[in-house]
Structure formats: C-alpha cells, structure tokens
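Worksheet for the structure shown next.
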Amino acid sequence: MFSLAIKSTISLDTSLPFSFSSLYFFTQPNKTPRKNSVTQKMSTLIVPATIPSVSEDCEQLRKAFEGWGTNEKLIISILGHRNAAQRKLIRQTYAETYGEDLLKALDKELTHDFERAVLLWALEPAERDALLANEATKRWTSSNQVLMEIACTRSSHDLLLARQAYHARYKKSLEEDVAYHTTGDFRKLLVPLVSAYRYEGDEVNMTLAKSEAKLLHEKISNKAYNDEDLIRILTTRSKAQINATLNHYKNEFKNDIEKDLEADPKDEFLSILRATIKCLTRSEEYFEKVLRLAINKQGTDEGALTRVVTTRAEIDMKIIKDEYHKRNSVPLDHAIAKDTHGDYEDLLLALIGHGDA
Numbered sequence: 000m001f002s003l004a005i006k007s008t009i010s011l012d013t014s015l016p017f018s019f020s021s022l023y024f025f026t027q028p029n030k031t032p033r034k035n036s037v038t039q040k041m042s043t044l045i046v047p048a049t050i051p052s053v054s055e056d057c058e059q060l061r062k063a064f065e066g067w068g069t070n071e072k073l074i075i076s077i078l079g080h081r082n083a084a085q086r087k088l089i090r091q092t093y094a095e096t097y098g099e100d101l102l103k104a105l106d107k108e109l110t111h112d113f114e115r116a117v118l119l120w121a122l123e124p125a126e127r128d129a130l131l132a133n134e135a136t137k138r139w140t141s142s143n144q145v146l147m148e149i150a151c152t153r154s155s156h157d158l159l160l161a162r163q164a165y166h167a168r169y170k171k172s173l174e175e176d177v178a179y180h181t182t183g184d185f186r187k188l189l190v191p192l193v194s195a196y197r198y199e200g201d202e203v204n205m206t207l208a209k210s211e212a213k214l215l216h217e218k219i220s221n222k223a224y225n226d227e228d229l230i231r232i233l234t235t236r237s238k239a240q241i242n243a244t245l246n247h248y249k250n251e252f253k254n255d256i257e258k259d260l261e262a263d264p265k266d267e268f269l270s271i272l273r274a275t276i277k278c279l280t281r282s283e284e285y286f287e288k289v290l291r292l293a294i295n296k297q298g299t300d301e302g303a304l305t306r307v308v309t310t311r312a313e314i315d316m317k318i319i320k321d322e323y324h325k326r327n328s329v330p331l332d333h334a335i336a337k338d339t340h341g342d343y344e345d346l347l348l349a350l351i352g353h354g355d356a
C-alpha cells in the first residue's frame, strides 16, 4: 500500500522516495496538443457542459484545504471532472493567486493511494509519463513492462513531449537512463522503442508487409528472438504497417505471431515481445490484462490500477472498459468498487465515467 509517513516529501512510488520539487519544477511544454474527435469519444472523463471559472475552481480547492479536515469530495468534484487543458490552467492560476503550486498543497493534505492518484492526474500527460518512466528505470526488472507500455501506446508526438519533459526534470535523456538501467536483449529492444518517432499515417506498403512477414517468420522459426531485423521492424515501422505485416503473417503462416512467440512462457523477453506487439496493435487488450491482474490478484496492485486509469481516462478508457467487461463478464466499475474503498475508489470511478459530474 502507498503511504506517506513524512509530509515534507511525497513518494509516488513506495520504493522510491520522491521529493515534491521533483514535480514542482517540471518544465511544462508551451503547447498542449489538440485531441482529435476519436480520442474524445473514447474518453471516459465527464466534464460538465458548463463549468465554473478557473478562479472559482481555485477558490473552491483552497477552501477544501482549510480547517482541520480536508474536503476530499470537493477535490474530486473539481479535478476529477476537468480535462488536461483545464487542469493545467487551474494549476497555473492557483500558483498565481496563492503563491503555492497546487501539487504542493495536495501533497500536504492527502495521503496513500488517493494522494498518488490525484497527483498523477494533476500532472500534465507528458510530465506524468516522464515521472512514470523514471520510476520504471529505477526499479527496472525483466518483468517490468512500463517503459514498453509508454513507448508503444503513446502517439509519436506525445512520446516526444514525454522525452522533452524528462530532459527538463532529470537533466538527462530518457534514452540514456533506459540504456543504463537495462541489460542485454531488453536494452536492445527498449532503447529504440523509447527513442522512436513513428509515422502515424494510414499508408501501407503491402509488398513490404509480405516480405517482412516472411522475415519475421524466419527469425521466429529459428528462435532468433533478439535478431536485429525483428527488433528493427517492431521499433520503427508505423502501427498501420505493423498491422498489415502481422495480418499477412497470420494469413500466410496460419498462426498469430504472438502464439509463435509463446515457445517458453517463462521467458521474460518473449513476454515483453508479445506485450510490445499487443500494445502496438491492440492496446485495449494489453490494458485490460493489466487491470485484470491488478484487481484479481491477491491484494490489489494499486500502482498498476492507478497508472492505467490516470493515463487512459482521457484517451481510450471506453474501449478498455468494453474489453474488460467482455473478458471478465463484470463491468470495470464494479470490479474497482469491490477492490478499493473511500476517496481513492471515488476518484477512480469518476475518471472511468461512473456517475455524473
């Protein structure tokens, strides 16, 4: 469980002491990329049609911190129903009005899993990804797939913004930290993944798809899982091109590539290769599995649950919820309500669209 014994610092990762300044001095990108209509339709965030002025939101948040107790419900009613651009403006206005970063105020007032969820949600998406990536490098093991998750499920522009935020906060590149903390085949895969800037158009070269499907099948048949061409294809081709290649792979060789990569279920490198393919082609299935394992395991994995909800609520949580329901025959909000409680539960449910704003 996430806990804070000392309120002068925050620890967004229970194993990594993390000072407030680590969040406060993030250099924020000047431009917030516009979300397309498809992303907006897949978001579960409920923003009221009419919202108070940003100054009123800041005033209400200030009131939530006053007195002997914190008004967590008020915090959720505001931050849990504002989009990224609105939250950024709230944070800027709060600092201008009260001379204190909103994150610092939240840090002083909140605790445990609820605190981590609110702080991650309050960050800009690029800041959040930089923080999560830094945590992942410091606690990296062969079974940790967070770096791959960030690299493969963000748009090329969003991944670039995350790398820029990483530069600004940590005074070094994400690539160099990934290279330093990983080893062997994992380094060979992860460094180009986090460095990628994939083409995002729909154009597909079918001749290339056929030839690279044949190449992938050859390498996998020879158990050359770390082959440079296999890694090159997964780390550089557009998602549309990879989809076309893998569709041809299945049609030509009568098997999903992920099935052919199950030679050794205990092999962690094969596991991350399969997860890479899933993130690049069917990310909702990947996130459904992360949520299922986080909720169904003995003792909820709040870290994974919080990460998926806070990073996908504004992107594609509707699809993930549908996939979860289909796979588990239980709505995601019911599963979360069963395994969490209190203000933490209320915030997660708000972010996945349970209830009204």
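Using numbering that gives the first Met the number 0, the first residue of the sequence shown is number 0, and each one after it goes up by one.
Backbone N, C-alpha and C fix where the C-beta goes; we use that ideal spot for every residue, glycine too.
Bear in mind the structure is a predicted one, so any value in this text is a computation, not a measurement.
Inter-residue Cα distance where the pair is residue i and residue j
i, j, result
"ALA135", "ASP226", "25 Å"
"PRO47", "ASN82", "10 Å"
"ILE351", "ASP184", "36 Å"
"LEU260", "ALA349", "38 Å"
"ASP321", "LEU331", "8 Å"
"ALA167", "LEU146", "18 Å"
"ARG291", "LEU44", "21 Å"
"ALA4", "ILE271", "At ALA4, the pLDDT of 29 sits below 50, so the modelled position is not reliable; the number obtained from the coordinates is stated separately. Each residue's alpha carbon lies about 35 Å from the other."
"ALA312", "THR280", "19 Å"
"LYS253", "ALA243", "15 Å"
"ARG153", "ASP128", "9 Å"
"HIS333", "LYS218", "43 Å"
"ALA223", "GLY302", "34 Å"
"ARG197", "SER172", "19 Å"
"LYS337", "VAL329", "11 Å"
"ILE256", "LYS137", "31 Å"
"THR424", "LEU131", "Residue coverage of the chain in this structure runs from 0 to 356, which leaves residue 424 outside it and unanswerable."
Where residue i falls: helix, strand or coil (DSSP)
i, result
"LEU260", "coil"
"ASN254", "coil"
"THR92", "helix"
"GLY183", "helix"
"PRO330", "coil"
"ARG153", "coil"
"THR110", "coil"
"ASP357", "This structure does not reach residue 357, given that the chain is present from 0 up to 356, and the question cannot be answered."
"LYS265", "coil"
"VAL145", "helix"
"PRO32", "In this predicted model, PRO32 has a pLDDT of only 42, less than 50, meaning its place in the structure is not dependable; the value taken from the coordinates is given anyway. Coil at PRO32, not helix or strand."
"ILE335", "helix"
"VAL46", "coil"
"TRP120", "helix"
Inter-residue CB distance, residue i and residue j (contact presumed, cutoff 8 Å)
i, j, result
"PHE113", "GLU174", "That pair is no contact at about 33 Å."
"LEU214", "ASP228", "6 Å"
Closer than 7 Å: residue i CB and nearest the ligand COA heavy atom
i, result
"GLU174", "Judged by which ligands are present, the structure shown has none, so any question about the ligand COA falls away."
Min CB distance residue i to chain C below 8 Å
i, result
"LEU109", "Here there is only one protein chain, and chain C is not present."
Taking contact to mean 3 or more Cβ pairs, one atom from each stretch, closer than 8 Å, check whether the segment 143-161 and the segment 118-129 are in contact. Yes, since at least three Cβ pairs between the segment 143-161 and the segment 118-129 fall closer than 8 Å, the two stretches touch.
Pick out the complete alpha helix (DSSP H) segments inside the segment 167-229, 4 residues or longer, and give them in chain order. 173-180, 183-194, 205-220
Would you check if the segment 225-240 and the segment 199-208 touch, i.e. whether three or more CB-CB distances between them fall below 8 Å? yes
Please determine if the segment 248-267 and the segment 61-80 are in contact, where contact requires at least 3 C-beta pairs separated by less than 8 Å. Put simply, the segment 248-267 does not touch the segment 61-80. Fewer than three CB pairs are less than 8 Å apart.
Just to confirm the assignment: which complete alpha helix (DSSP H) runs, minimum length 4, are found wholly within the segment 275-314? 282-295, 301-311
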